[in-house]
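Trainee:
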Amino acid sequence: MPNDMLYALQVLIAQPIEQQVPAYLEEPVFAVRAGVESVLPNLLGITAHHGLQGDGHEALMRVLRRSSTDPDLLSQGTHELFSVGDAPRRLVGLGQIQLDTLLGERLACFHDTLAERSGLTAQGAATLTAMVAPFMFAMIKRDATRDKALMSANVEHVLTGVKETLFERLSLRYWSALGLGSFKTHDARACAT
């Protein structure tokens with residue numbers, strides 16, 4: 025269900041990232057933990073919002089149509105996925121391509137905001153965001169294609185459900201940094217800062 029997407033992402037990847045990524049990134053544990061807590065709801069919320077807007081929707085559909093956006097990622101083990109060998113590099117490379125497709129030049133603003141809010145370095149924030157992205161896109165694709173083809177209407181249904189459940193978890197700083205203003209269907213004053 026779309027309503028459980030943030031929780032499902034947290035259960036799937038938050039703990040493995042918090043355990044494995046500090047050594048990989050050479051970042052403090054507290055900064056990685058704060059980064060995970062900030063990146064998951066805000067990246068998902070921005071993706072839902074942007075993915076429901078004309079050009080943003082087309083960009084998201086391009087990401088979801090790629091064979092590399094694979095729901096099977098969600099059932100693979102996360103042991104050492106974020107820390108050893110080629111696995112983290114492949115994951116980060118995929119995430120960077122996906123996020124560049126969706127957000128383009130705005131992505132740098134997201135990274136800067138994450139670094140500021142978490143205490144991660146700019147490079148650490150970019151890498152963490154790219155590590156999370158393939159899981160988020162895989163989950164959106166999985167939920168939009170349950171027993172059906174990948175179609176715009178199905179993606180919109182999933183994103184609408186996600187957007188409605190995330191509102192109180194979002195930081196207006198990300199929205200402002202990306203030039204998105206506010207969560208248009210809600211009162212921006214209710215967003216967390």
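Plus 24 on top of the position in the sequence shown (first one is 1) and you've got our numbering. Backbone N, C-alpha and C fix where the C-beta goes; we use that ideal spot for every residue, glycine too. Only a predicted model underlies this, so the values are computations on that prediction, with no experimental measurement involved.
#1: Determine contact between the segment 115 to 127 and the segment 153 to 169, defined as no fewer than three beta-carbon pairs at a distance below 8 Å.
#2: Looking at the structure shown, is serine 107 part of a helix, part of a strand, or coil, going by DSSP?
#3: In terms of alpha-carbon separation, which member of Leu36, Ala201 and Val45 lies closest to cysteine 133?
#4: Considering only C-alpha positions, which residue in the set Leu131, Ser107 and Thr145 is nearest to glutamine 44?
#5: Identify which residue in Met175, Gln120 and Gly143 has its Cα closest to the Cα of alanine 150.
#6: Between the alpha carbons of arginine 130 and threonine 189, how many angstroms are there, rounded?
#7: When the distance is taken between beta carbons, is asparagine 178 closer than 8 Å to lysine 187?
#8: Assess contact between the segment 137 to 145 and the segment 95 to 110, defined as three or more Cβ pairs (one per stretch) separated by less than 8 Å. Is contact present?
#9: Three-state secondary structure (DSSP) at arginine 89?
#10: Which same chain residues end up closer than 6 Å to proline 95 when comparing Cβ atoms and leaving out the 5 residues on each side of it in sequence?
#11: Drop a sphere of 10 angstroms on the beta-carbon of valine 35, count the other beta-carbons inside from all chains shown, and report buried for 16 or more, exposed for fewer.
#12: Between the C-alpha atoms of glycine 78 and valine 60, what's the straight-line distance to the nearest angstrom?
#13: List, from N- to C-terminal side, the alpha helix (DSSP H) runs of 4 residues or more that fit wholly inside the segment 93 to 174.
#14: Report back the beta-carbon spacing between isoleucine 70 and tyrosine 198 to the nearest angstrom; my notes put them in contact at under 8 Å.
#15: Alpha carbon to alpha carbon, what distance is there between leucine 183 and leucine 76?
#16: By the 10 Å Cβ neighbour count, where 16 or more other Cβ atoms means buried, how is valine 63 classified, buried or exposed?
Mentor: Reading it off the structure:
#1: Yes: at least three Cβ pairs fall under 8 Å.
#2: Three-state DSSP puts serine 107 in coil, outside helix and strand.
#3: It is Ala201.
#4: For glutamine 44, the closest alpha carbon among the candidates Leu131, Ser107 and Thr145 is that of Ser107.
#5: Checked all of Met175, Gln120 and Gly143; the closest Cα to alanine 150 is Gln120.
#6: Using only the alpha carbons, I get a separation of about 24 Å.
#7: The answer is no: Cβ separation not under 8 Å.
#8: Too few Cβ pairs lie closer than 8 Å, so no.
#9: Three-state DSSP puts arginine 89 in a helix.
#10: Taken in chain order, the residues that qualify are Ala162, Lys165 and Arg166.
#11: Exposed, because fewer than 16 other Cβ atoms sit within 10 Å of the Cβ of valine 35.
#12: Spanning the two alpha carbons is a distance of roughly 29 Å.
#13: Here the runs fully enclosed are 110 to 127, 131 to 142 and 146 to 168.
#14: The C-beta separation of isoleucine 70 from tyrosine 198 comes to about 6 Å, placing the pair in contact by the 8 Å criterion.
#15: Answer to the nearest angstrom: the Cα atoms are 7 Å apart.
#16: Valine 63 is buried by the Cβ-count criterion.
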